[in-house]
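Read the structure below first, then the notes.
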Amino acid sequence: IRKAKNNDMIKGIYIDSRSMSASMATLAEIRNELVSFKESGKFVVAYADTYTQNGYYLAAIADKVAINPQGSLDLHGLASVPMFYKDALDKLGIEMQIFKVGTYKSAVEPFTQNEMSDANREQVTSYLNDAWSFLRADIAEARSLTADEVDALANQMPLVQPTEFLLEANLVDTLLYETEMKDYLRTLLSLEESKEIPSATVANMKSVTTKTVKKTDNTIGILYAQGNIVSGTGAANIQDKYMVDQIEKLRKDEDIKAVVFRINSGGGSAYASEQIWKAITDLKKEKPVVVSMGDVAASGGYYIACNADRIVAQPTTLTGSIGIFGMIPNMEGTAEKVGISTDVVKTNEFGDFGNITRPFNDQEKQLMQNMIERGYDLFLTRCAEGRNMPKDSLALYAEGRVWTGNQAKEIGLVDELGGIERAIEIAAEMANLGKSYVVFEYPKMRTMIEELLDRSTEDLAARTVKEYLGESFELFMLLHDIRNQDYIQARIPYELNIH
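Using our numbering, you'd call the opening residue of the sequence shown number 843 and step up by one each time.
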């Protein structure tokens, strides 16, 4: 979009909104870029047979929003629909042994309950309402409606209404078939009816070269951290040794004057999070570090962010979730169901600790809970020091509770609302670079061959298992991940399915 804005050959943007899959924070960043594009004096128009709610959120800011006369538009609000596996696990003879700190730390609930706890329902209600108020306000502003009017329309389920309803409600500007929409584009471009419309897709624009940027002694490094936080040396997800190595390279590079740490993670291993926290702390001693939060930077994702000089988040970013849990399966019941028995010989009292074919005894449970509580206390300490808040004060906003970026700013967990561009501006200001700086991204993009070698076998295996298990695949992967993850986890409550 930025390339198109600065390219004199590009006269406008045509949004084909038939399919748009992204979270709200990502959509907000794209929307802001489209608004900036419009402010340059170029046009933005949108068309679709069917607008999803995500697609309509972006399309609403267009100068003209068109829809096929027989099309549909989805606008219904937000919902979170977590799945619960307790009864399924009971049938399989699997008991989840849970150790946690935090009233709102609900990542374990799908394995121990059949519905949300009151505390979890409270936090989900809070952040969904806050996120919807943001999305609703943007749509209202774009379409010259009030927030109450948007709510009223959403409650009438536009998806099943005739397109005349959409037009009358000012959700769209006109009803056009696709051929008529192309004629309208020709009019905007002053083209004859027989002329083809010259166009470039997003993929085309991505390959358009701009002025070559060379690294200088005034460089801002953008370090990307995406996925689950795990222990390891690879580039997939956020593996602690690999990430620490990247951070160390940025620290030692004298040309790098500031770092923007772009985080998109719901957390993971508490141990791995601590290692990355330490590397960021060392980096911060030598140059400014500004965190830019993406769709989610929660639990372990917040752990690795908390000690930055400044934290920038989108209003709908999911963050916080300062809490710790451990979850270890006991499959004694499963073994009994299939006729498997075990015996043990050990040299010491805890020689068979972690054996999943028996439950923990009381002493082992207490030792595990003690370890979880130490981890939580360390997490609180890191966050309190990073945010320059008394530990007791920060504890009020911890307990595993998830906050939107907007809420997090109000309680001091983030400093400012904005996207990655704002984070870069802050980094430049802190490093006294003025406007004379270049931006380089890390880690360097891997070749296609490297990606294929790293992922193809794993992806093929996953696809094969999914084909056989169908809807049970999600439960299988959850159990697979639990079996292979560290004992102590700092992870957002669950994967949100926002419809």
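Every residue gets a Cβ at the ideal spot worked out from N, C-alpha and C, and that includes glycine.
- For a cut-off of 8 angstroms, the C-beta gap from SER1163 to VAL1244 is around 5 angstroms, short enough to register as a contact.
- Where ASP1082 is concerned, the enclosing alpha helix (DSSP H) starts and stops at 1082-1094.
- Taking 8 angstroms as the upper bound for CB-CB distance, VAL1154 and ILE1268 are in contact here, some 7 angstroms apart.
- In this structure ILE855 touches PHE879 by the C-beta definition: roughly 6 angstroms separates them, less than 8 angstroms.
- For GLU1283, the enclosing beta strand (DSSP E) stretches over residues 1280-1284.
- In this structure, the beta-carbon distance from TYR946 to GLU1215 does not fall below 8 angstroms.
- For VAL1154, the enclosing beta strand (DSSP E) begins and ends at 1152-1155.
- TYR1279 and ALA1273 have their alpha carbons spaced roughly 10 angstroms apart.
- In this structure, DSSP gives SER1107 an extended state, which the three-state scheme calls strand.
- In the DSSP assignment, SER1049 falls within the alpha helix (DSSP H) that extends over 1044-1049.
- At a Cβ-Cβ threshold of 8 angstroms, ALA1077 and ILE1122 do not count as neighbours.
- Residues of the same chain with a CB within less than 6 angstroms of the CB of ILE1198, apart from the 5 flanking positions on each side, are PRO1171, MET1173 in chain order.
- Around the beta carbon of LEU1238, a 10 Å sphere encloses fewer than 16 other beta carbons of the protein chains shown; the residue is thus reported as exposed.
- Here ILE857 really is in contact with ALA888; their C-beta atoms are around 4 angstroms apart, less than 8 angstroms.
- Apart from the 5 residues on each side of it in sequence, GLY935 sits with its Cβ closer than 8 angstroms to the Cβ of MET1173, GLU1174, GLY1175, THR1176, ALA1177, GLU1178, LYS1179 in its chain, given in chain order.
- Rounded to the nearest whole angstrom, the C-alpha separation of LYS1126 and ALA846 is 35 angstroms.
- A straight-line Cα-Cα distance of about 33 angstroms links THR967 and ILE1266.
- According to DSSP, ALA1100 shares a beta bridge with ILE1062.
- DSSP, reduced to helix, strand and coil, places ALA867 within a helical segment of the structure shown.
- For GLY913, the enclosing beta strand (DSSP E) begins and ends at 906-915.
- The beta-carbon distance between TYR1145 and ARG1224, rounded to whole angstroms, is 6 angstroms. This is short enough to meet the 8 angstroms contact definition.
- Taking C-beta separations shorter than 8 angstroms and ignoring five residues to either side along the sequence, the partners of LEU1018 in its chain run TYR889, ALA908, ILE909, ASN910, PRO911, TYR1026, following chain order.
- Across the structure, MET866 and ASN997 are spaced so that their CA atoms are roughly 20 angstroms apart.
- Assigned with DSSP and collapsed to three states, SER1073 falls in coil, not helix or strand.
- Annotated three-state conformation of SER1134 is strand, per DSSP.
- Distance between LYS1037 and LEU1030, taken at the CA atoms: about 13 angstroms.
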